[in-house]
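Student: Okay, so the sequence shown: first residue is 17 according to our numbering, each after it adds one.
Take this structure, written in structure tokens, and hold onto it; I'll ask about it next.
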Amino acid sequence: MKPVRILFVCLGNICRSPLAEGILRYQAQDRPIEVDSAGTGSWHIGDPPDRRSIAVARRHGIDIAGQRGRKVHANDFEDFDLILAMDSSNLANLKALAPAGSAGKAHLFLDFTLGQDRDIPDPYYEGPEGFETVYHLLSEGCSSLIGRLERLS
């Protein structure tokens, strides 16, 4: 069975999307799912995730310290089956970047996973509680995503 390839996207690829990547990778260990993350901005290319994202992941038994930031590219629409944006601003940027006919691969994370038309808040200017809130939203969404993919296969 061909794996489903999923890309998570946020602004800088240091807080939300690397956390989502780590959570889904952890939750889907034995499933045919490949996952990556990227940012719509280029400020953190090559950088590790934010230390607070690393810390919240570690508290839940997930190691994301080895990830490195990268910028999303138009060819990601060819390489991935599903592209999930953490917020509506990043979704708009993705749709503007999408090659003709492939914008339908991009969706808002919470809308696609939990049917909630809202953003994953950016915890960058928040304390540890903000990162914990984001972790739980992402974890619940990733669990739902796995269930949805299993029903489709």
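We put the CB at the ideal spot given by N, CA and C, even for glycine.
(1) Near Q43, which residues of its chain fall below 7 Å by C-beta distance, leaving aside the five closest residues on each side in sequence?
(2) Taking C-beta to C-beta, are I99 and V25 nearer than 8 Å?
(3) From the DSSP secondary-structure annotation, give me the bridge partner or partners of F24.
(4) Taking C-alpha atoms, which residue in R68, E148, N29 lies nearest to V88?
(5) For A108, does the three-state DSSP call read helix, strand or coil?
(6) The beta strand (DSSP E) that contains A122, what's its start and end?
(7) Got a sec, what are the start and stop residues for the alpha helix (DSSP H) S3 sits in?
(8) Looking at the secondary structure, which residues open and close the alpha helix (DSSP H) in which R142 lies?
(9) With C-beta atoms as the reference, is L107 less than 8 Å away from A122?
Tutor: In short, the structure shows the following:
(1) C158, S159, I162
(2) yes
(3) S53, L100
(4) N29
(5) helix
(6) 122 to 124
(7) No answer is possible for residue 3: the residues shown for the chain start at 17 and end at 169.
(8) Note that residue 142 is Glu in the sequence shown, not Arg. Note, E142: premise wrong, no alpha helix (DSSP H); not H, not E.
(9) yes
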